[in-house]
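Taken in order, these protein sequences are the chains called A and B.
Using this note's numbering, the first residue of the first sequence is number 71, and each one after it goes up by one.
Using this note's numbering, the first residue of the second sequence is number 71, and each one after it goes up by one.
There are 2 protein chains.
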Amino acid sequence: MDGLQILNANKIRPSGLRIKILEYILSHKTHPTIDEIYAELLKDNPTLSKTTVYNTTRILAENHLIKTITIDGQQVRYDGNVAFHGHFRCKNCGRIYDFNVNHVPEEAELKDFLIENMDVYYVGSCKNCNENL
Amino acid sequence: MDGLQILNANKIRPSGLRIKILEYILSHKTHPTIDEIYAELLKDNPTLSKTTVYNTTRILAENHLIKTITIDGQQVRYDGNVAFHGHFRCKNCGRIYDFNVNHVPEEAELKDFLIENMDVYYVGSCKNCNENL
DNA sequence: CAATTATATTGTAATCATTACAAAGTTATA
DNA sequence: TATAACTTTGTAATGATTACAATATAATTG
């Protein structure tokens, strides 16, 4: 399913920019920031405004087509993989890695709480950086 | 162990403000923001500067005496409980709840990764708010 | 098709948490 | 006491995000 179909299925008017922004996030596993998305799409869309990237990612996130990652204290990042998984941020190279979380804690303390979103964020030094120190 | 002893044990010069800020965070389970700490301590310290609260919390966090919580996309919060546990933020009332995380995922994908910090953030609607809707 | 309305995009200005930095105050040390 | 080191303060700068009004584009109606 491509961006056009996804947007239509979610009743979001599929403008050219929306399709491109959604498809960029879906096809890049790098958890890009607003600036990264903007810089990349600017190449083919010279009049693109950063505000449009902000607006569009907000709409996509509100509709659960992408996920907002706040592991970086500075900038929000976006993830096209909305299935539950953890994120590891390397303090050294800045890369964000995905990992599976097998055991989702069933917390008795949260009985009768409505959980809408779960984030698991690890921070440290990645294998690649550890080996090259 | 009070703030003075903790600071001494960690070789942080125990100024009056540092003791007060540390003790405030240790004794309040509300995960206060900078503004909340500042507003509260200002009552007894009329010349207190917000910069001091920022500086001090940074020092305390660097020394792992308190933990930085970034579950709120807007403001950082601080937690005096540095033992591993999860945080639940209620979108309704804004309260942050602690909960135990029994099963820390052992992720084969992170083999040879050095994990320095783990955060588990849930967001949703708390029991209290659910009952009063 | 033309006119009108609704929506998308843009650019600039505002907001707000945080940081940088220099000056002033305080404590420790010689 | 004098000097150096550190703490605290206040103001200015930074930078991500949002607000908002103007413009452009697309959909709808007559």
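Here a beta-carbon is modelled for each residue, glycine too, at the ideal position from N, C-alpha and C.
Buried or exposed (CB count within 10 angstroms, at least 16 for buried), residue i
i      : result
A:H22  : What is shown of chain A runs 71 to 203, which leaves residue 22 of chain A out entirely.
A:E158 : The identity of residue 158 of chain A in the sequence shown is Phe, whereas the question assumes Glu. A:F158 is buried by the Cβ-count criterion.
B:L92  : buried
B:G73  : buried
A:T127 : buried
B:C196 : buried
B:C163 : exposed
A:F154 : exposed
B:L203 : exposed
A:R88  : buried
A:E201 : exposed
A:V152 : exposed
A:E177 : buried
B:D189 : buried
Beta bridge counterpart(s) of residue i as assigned by DSSP
i      : result
A:Y192 : A:F158 and B:M188
A:F169 : A:G156
Opening and closing residue of the beta strand (DSSP E) in which residue i lies
i      : result
A:K137 : K137 to I139
B:R147 : R147 to D149
Element boundaries [alpha helix (DSSP H), containing residue i]
i      : result
B:G86  : G86 to S97
A:A109 : I104 to L112
A:C163 : Where A:C163 is concerned, there is no enclosing alpha helix (DSSP H), given that its DSSP letter is neither H nor E.
A:Q75  : G73 to A79
B:K120 : K120 to E132
B:E201 : K197 to E201
Beta-carbon separation (whole angstroms), residue i vs residue j, contact threshold 8 Å
i      : j      : result
A:V146 : A:G156 : Contact doesn't hold; Cβ gap of about 17 Å is too wide.
A:I129 : A:D149 : With a Cβ gap of about 16 Å, A:I129 and A:D149 do not count as contacting.
B:Y94  : B:I107 : 6 Å
B:Y192 : A:I185 : 5 Å
A:I166 : A:H98  : In fact, because the Cβ distance is near 11 Å, the residues do not count as touching under 8 Å.
A:N187 : B:G194 : 7 Å
A:T140 : B:T140 : 6 Å
Residue i beta carbon near the ligand NAP (any heavy atom closer than 7 Å)
i      : result
A:P102 : Among the ligands in the structure shown, none appear at all, so the ligand NAP cannot be discussed.
Exercise for review: Indicate whether the contact test is met: 3 or more Cβ pairs, each with one atom in the segment 108-118 of chain A and one in the segment 97-114 of chain B, closer than 8 Å.
Suggested key: no
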